[in-house]
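Take a look at the structure set out below.
Number of protein chains: 2
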Amino acid sequence: MRGGIGQGMRASGHTGAEGTKGAAEEAESLAIVETYYYTFASEEPFETEGGETLSPVTLAYETYGILNAAKTNAILVLHALTGDAHAAGWHEGNKSPGWWDSMIGPGKAFDTDRYFVICSNVLGGCRGSTGPSSINPRTGKPYALNFPLITVQDMVKAQRHLIDHLGIDRLLSVAGGSMGGMQALQWVASYPERVRSVIPIATTATHSPQQIAFNEVGRQSIMADPNWNDGNYYDGEPPARGLSVARMVGHITYMSDISMGEKFGRRFKNSRSSFKFDPEFEVEGYLQYRGENFIKRFDPNSYLYITKAIDYFDLVNGRGLQEVLRGVKARFLVIAFKSDWLYPAHQSQEIARACKRAGVEATYAELNSTWGHDAFLIEVDQQSHLVKHFLKKVMASA
Amino acid sequence: MRGGIGQGMRASGHTGAEGTKGAAEEAESLAIVETYYYTFASEEPFETEGGETLSPVTLAYETYGILNAAKTNAILVLHALTGDAHAAGWHEGNKSPGWWDSMIGPGKAFDTDRYFVICSNVLGGCRGSTGPSSINPRTGKPYALNFPLITVQDMVKAQRHLIDHLGIDRLLSVAGGSMGGMQALQWVASYPERVRSVIPIATTATHSPQQIAFNEVGRQSIMADPNWNDGNYYDGEPPARGLSVARMVGHITYMSDISMGEKFGRRFKNSRSSFKFDPEFEVEGYLQYRGENFIKRFDPNSYLYITKAIDYFDLVNGRGLQEVLRGVKARFLVIAFKSDWLYPAHQSQEIARACKRAGVEATYAELNSTWGHDAFLIEVDQQSHLVKHFLKKVMASA
Chain A
53 MRGGIGQGMR ASGHTGAEGT KGAAEEAESL AIVETYYYTF ASEEPFETEG GETLSPVTLA
113 YETYGILNAA KTNAILVLHA LTGDAHAAGW HEGNKSPGWW DSMIGPGKAF DTDRYFVICS
173 NVLGGCRGST GPSSINPRTG KPYALNFPLI TVQDMVKAQR HLIDHLGIDR LLSVAGGSMG
233 GMQALQWVAS YPERVRSVIP IATTATHSPQ QIAFNEVGRQ SIMADPNWND GNYYDGEPPA
293 RGLSVARMVG HITYMSDISM GEKFGRRFKN SRSSFKFDPE FEVEGYLQYR GENFIKRFDP
353 NSYLYITKAI DYFDLVNGRG LQEVLRGVKA RFLVIAFKSD WLYPAHQSQE IARACKRAGV
413 EATYAELNST WGHDAFLIEV DQQSHLVKHF LKKVMASA
Chain B
53 MRGGIGQGMR ASGHTGAEGT KGAAEEAESL AIVETYYYTF ASEEPFETEG GETLSPVTLA
113 YETYGILNAA KTNAILVLHA LTGDAHAAGW HEGNKSPGWW DSMIGPGKAF DTDRYFVICS
173 NVLGGCRGST GPSSINPRTG KPYALNFPLI TVQDMVKAQR HLIDHLGIDR LLSVAGGSMG
233 GMQALQWVAS YPERVRSVIP IATTATHSPQ QIAFNEVGRQ SIMADPNWND GNYYDGEPPA
293 RGLSVARMVG HITYMSDISM GEKFGRRFKN SRSSFKFDPE FEVEGYLQYR GENFIKRFDP
353 NSYLYITKAI DYFDLVNGRG LQEVLRGVKA RFLVIAFKSD WLYPAHQSQE IARACKRAGV
413 EATYAELNST WGHDAFLIEV DQQSHLVKHF LKKVMASA
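Going line by line, the protein sequences match chains A and B.
Counting from 53, one number per residue, gives the positions in the first sequence under the working numbering.
Counting from 53, one number per residue, gives the positions in the second sequence under the working numbering.
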């Protein structure tokens with residue numbers, strides 16, 4: 053194991069260890085990784101965009117690769133609505149790799165032989181970072197709805213504390229898909245001098261009414277569950293059914309008409325039931341299974357807070373995105389997918405156009421994919437090619 | 053008032069009456085109309101496709117215009133998921149016109165000066181026809197989940213009883229949008245000799261996994277509401293919140309990205325609330341309002357049964373739609389809308405292609421509209437032009 057530099061910067065090296073995966077795959081993947089936790093409770097408490105305060109604030113994060121001496125090779129990778137800090141490699145005793153393991157590792161798009169990759173969980177979340185399920189130090193109980201409303205700007209502000217802590221002055225890149233892309237855009241809007249490049253994928257600069265509407269359905273579904281109990285369920289049964297329906301809606305929007313057709317067709321499940329409205333079609337069983345399991349890893353109140361933060365997201369905000377971007381030195385690689393109907397390509401085109409209007413260097417790529425919004429997690433080859441080339445160019449221009 | 057011919061065939065004439073509408077509009081609209089109810093309880097009880105029996109069966113329906121002596125000018129118009137028999141004109145004391153009033157009336161697409169237009173409610177519904185909220189004669193209580201599962205084929209079979217009762221041997225046309233279009237297609241599949249033409253609009257011959265998935269979310273939402281109580285809520289509080297969320301999902305799928313943007317933008321509602329997760333954006337308020345009001349006119353169990361019938365709908369069913377259509381003499385006018393992502397145009401193209409392959413005369417029209425699936429209720433001018441011309445041609449070829 054190569055030596056790390058400070059908390060959280062222990063490198064995750066290659067592995068020769070036996071695992072559940074074949075040797076060929078293993079050779080290209082990171083080994084066992086760990087999640088770290090950075091807590092800051094400065095003299096001045098963290099102030100949210102809404103004017104409320106929060107202290108202490110903890111962010112869960114992971115790092116992969118080694119930070120170079122000049123600290124010029126750090127890339128911040130940011131996750132979508134229900135993601136977490138575990139972006140790559142494996143956790144001890146767990147067979148599931150990180151959510152972007154196909155993109156982060158030795159020789160991969162975010163090449164850990166070249167770059168120091170950081171993945172930070174979001175403020176408001178429930179995967180190790182401060183959120184509504186965290187203990188409110190004033191009461192000794194979970195915040196629940198006493199947690200302040202947060203925005204994507206707040207998420208990014210908390211991450212800036214983390215990047216400060218890691219001693220990194222300028223990030224080589226900030227990248228992410230979906231809500232991760234919103235955070236990437238917010239980074240360049242909030243801290244333009246701290247970012248050399250941005251890779252927003254399958255995302256938007258302003259959340260549309262349709263996108264708000266889908267999130268609102270999820271929230272209403274959670275709040276309609278009597279177990280939600282105005283957010284106070286941490287001592288009892290959580291609103292699992294409400295969260296399950298919210299997750300089902302989400303899953304539909306992440307896939308495409310075509311990918312659903314290919315995955316399920318109109319096939320029936322094997323087991324038929326005597327109850328009339330039990331799932332009969334495979335697609336129903338899949339959605340119900342995914343919905344019901346979601347409660348095991350996600351806090352319903354976090355779902356409310358994070359979807360709300362997404363809905364507030366609006367870098368355009370009347371004046372136009374190009375005004376936000378004027379004077380920005382960072383380069384952009386904007387990626388969209390043709391079959392993504394949740395964050396349709398025209399929203400990414402709008403980002404690229406705003407860059408041009410603001411005189412910011414931007415590459416726009418619209419990839420053919422039938423995977424819908426999920427494509428940013430699945431279309432590895434095309435994305436890798438674009439990202440690798442882009443990062444090399446940015447790195448070379450240092 | 054011109055004389056009618058038998059129950060339900062009383063003509064609704066033009067009106068000169070003062071109303072809430074302007075004279076110009078009034079001159080082109082039907083006056084006060086009434087809903088009729090046809091109940092059949094033959095010696096042989098109605099058998100569903102699933103092999104269960106039902107008796108008696110009532111269908112609510114309305115008629116507009118006059119049936120000619122040869123009974124060759126009858127058009128059956130069929131409604132979508134939450135529609136009813138009230139397609140045109142006004143009910144006494146009610147300011148809302150029928151759901152397709154813009155298309156049905158003197159001089160309109162379905163010209164009541166020329167044609168005798170019938171609109172039938174569906175079996176399984178809750179707007180006057182036999183459904184899960186009807187009294188089960190065996191128990192004296194509402195059927196609830198003892199109501200048999202029904203299919204679109206069952207809906208159409210019940211309508212055939214109504215058409216028999218009206219003494220109509222062959223319908224000039226069967227027309228409808230969305231689920232109404234499925235019924236129109238089913239009419240030609242079940243009773244090809246009874247139909248001279250078909251106008252399926254914004255519909256499909258086979259319900260796709262994505263379409264099933266959206267319906268399943270609605271069902272899960274209803275069934276997750278504790279007030280649903282396994283369908284036994286007729287003596288108490290209905291599952292209004294579950295139904296509301298189901299309706300919200302529906303509304304999103306009926307609109308387009310663009311139409312939502314035009315209607316709501318990212319505008320905030322005027323009234324701000326102290327509760328964090330109250331609707332703030334106009335789109336949220338609209339969906340919540342529409343969702344909450346839905347319980348006033350729709351039975352949650354009917355929502356379960358009808359969505360299930362839609363999900364079962366599959367005229368392709370392995371062998372291909374062209375096999376169903378082979379030998380069919382009816383002409384088709386297939387209409388789709390470019391921005392309809394719930395029933396995308398490629399599904400209508402598939403119907404038109406199957407017609408060609410089966411040697412059935414079909415016209416396919418894909419209309420430019422930004423209204424999404426709702427376009428079949430809104431795009432009056434373009435549809436009227438197509439429908440008028442088509443019906444004249446069919447009528448002339450008698």
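Idealized CB from N, CA, C, for every residue including glycine.
In this text, all values refer to a predicted model and were calculated from it rather than measured experimentally.
Asked: Residue 365 of chain B and residue 204 of chain B closer than 8 Å at C-beta; Found: yes
Asked: Below-8 Å beta-carbon distance, residue 293 of chain B vs any chain D residue; Found: No chain D is present in this structure, whose protein chains are A and B.
Asked: Residue 153 of chain B, buried or exposed, once every other Cβ within 10 Å from all chains shown has been counted against 16; Found: buried
Asked: Among B:142, B:129, B:380 and B:118, the one whose alpha carbon lies nearest that of residue 211 of chain B; Found: B:129
Asked: Under 8 Å between C-beta atoms of residue 367 of chain B and residue 237 of chain B; Found: yes
Asked: Where the beta strand (DSSP E) through residue 182 of chain A begins and ends; Found: Taken as a continuous stretch (DSSP letters only), residue 182 of chain A belongs to no beta strand (DSSP E), as it is neither H nor E.
Asked: Proximal residues of chain B, C-beta to C-beta of residue 262 of chain A below 7 Å; Found: 304, 309 and 312
Asked: Supposed close pair residue 339 of chain B, residue 268 of chain A - CB separation, criterion 8 Å; Found: 6 Å
Asked: Any 3 or more C-beta pairs closer than 8 Å across the region 79-92 of chain B and the region 134-144 of chain B; Found: yes
Asked: Contacts around residue 108 of chain A, its chain only, beta-carbon distance under 8 Å, and the 5 residues preceding and following it disregarded; Found: 91, 92, 93, 182 and 189
Asked: Best match in B:266, B:219, B:320 and B:249 for proximity to residue 335 of chain A [C-alpha to C-alpha]; Found: B:266
Asked: Contact belief for residue 362 of chain B with residue 231 of chain B at Cβ below 8 Å, rounded distance in angstroms; Found: 6 Å
Asked: Residue 276 of chain A classed as buried or exposed, judged by whether at least 16 other C-beta atoms fall within 10 angstroms; Found: buried
Asked: Exposed unless 16 or more other CB atoms sit within 10 angstroms - verdict on residue 187 of chain A; Found: exposed
Asked: Which listed residue (A:167, A:131 and A:311) has its alpha carbon closest to that of residue 121 of chain A; Found: A:167
Asked: Separation of residue 285 of chain B from residue 299 of chain B, as counted between CA atoms; Found: 19 Å
Asked: Closer than 9 Å at the beta carbon, the chain B residues around residue 258 of chain A; Found: 318
Asked: Under the three-state DSSP convention, the category residue 345 of chain B falls into; Found: helix
Asked: Classification of residue 96 of chain A by the beta-carbon crowding that lies within 10 angstroms, buried from 16 upward; Found: exposed
Asked: Residue 390 of chain A at chain B interface by Cβ criterion, 8 Å; Found: no
Asked: Alpha helix (DSSP H) segments (min. 4 residues) lying fully within the region 344-403 of chain A; Found: 352-364 and 373-377
Asked: Contacting residues, own chain, Cβ-Cβ under 8 Å from residue 242 of chain B (five flanking each side not counted); Found: 205, 208, 209 and 212
Asked: Closer than 7 Å at the beta carbon, the chain B residues around residue 393 of chain A; Found: 393
Asked: Where the alpha helix (DSSP H) through residue 111 of chain B begins and ends; Found: Looking at the DSSP string, residue 111 of chain B is not in any alpha helix (DSSP H); the run it does join, the beta strand (DSSP E), is 109-116.
Asked: Cβ of residue 301 of chain B within 8 Å of any chain A Cβ; Found: yes
Asked: CB of residue 110 of chain A within 8 Å of CB of residue 88 of chain A, strictly; Found: no
Asked: Contact set between the region 429-442 of chain B and chain A, restricted to residues whose Cβ is under 8 Å from the partner; Found: none
Asked: Closest by C-alpha distance to residue 99 of chain B, when choosing among B:201, B:378 and B:147; Found: B:201
Asked: 7 Å Cβ shell around residue 179 of chain A - same chain, five flanking residues per side excluded; Found: 112, 136, 137 and 173
Asked: Cutoff 8 Å: residue 237 of chain A Cβ touching any chain B Cβ; Found: no
Asked: Counted within 10 angstroms of its Cβ, other Cβ atoms place residue 314 of chain B as buried (16 or more) or exposed; Found: exposed
Asked: Beta-carbon proximity list for residue 427 of chain B, same chain, < 8 Å, skipping 5 on both sides; Found: 254, 389, 391, 392, 419 and 421
Asked: Proximal chain B residues relative to residue 361 of chain A, where beta-carbon distance stays under 7 Å; Found: Residues of chain B passing the Cβ test: none, with the nearest at roughly 12 Å.
Asked: Coil, strand or helix - residue 75 of chain B by DSSP; Found: In this prediction, residue 75 of chain B has a pLDDT of 38, which is less than 50 and means its spatial position is unreliable; what the coordinates show is noted afterwards. Three-state DSSP puts residue 75 of chain B in a helix.
Asked: Classification of residue 449 of chain B by the beta-carbon crowding that lies within 10 angstroms, buried from 16 upward; Found: exposed
Asked: For residue 439 of chain B, the first and last residue of its enclosing alpha helix (DSSP H); Found: 432-448
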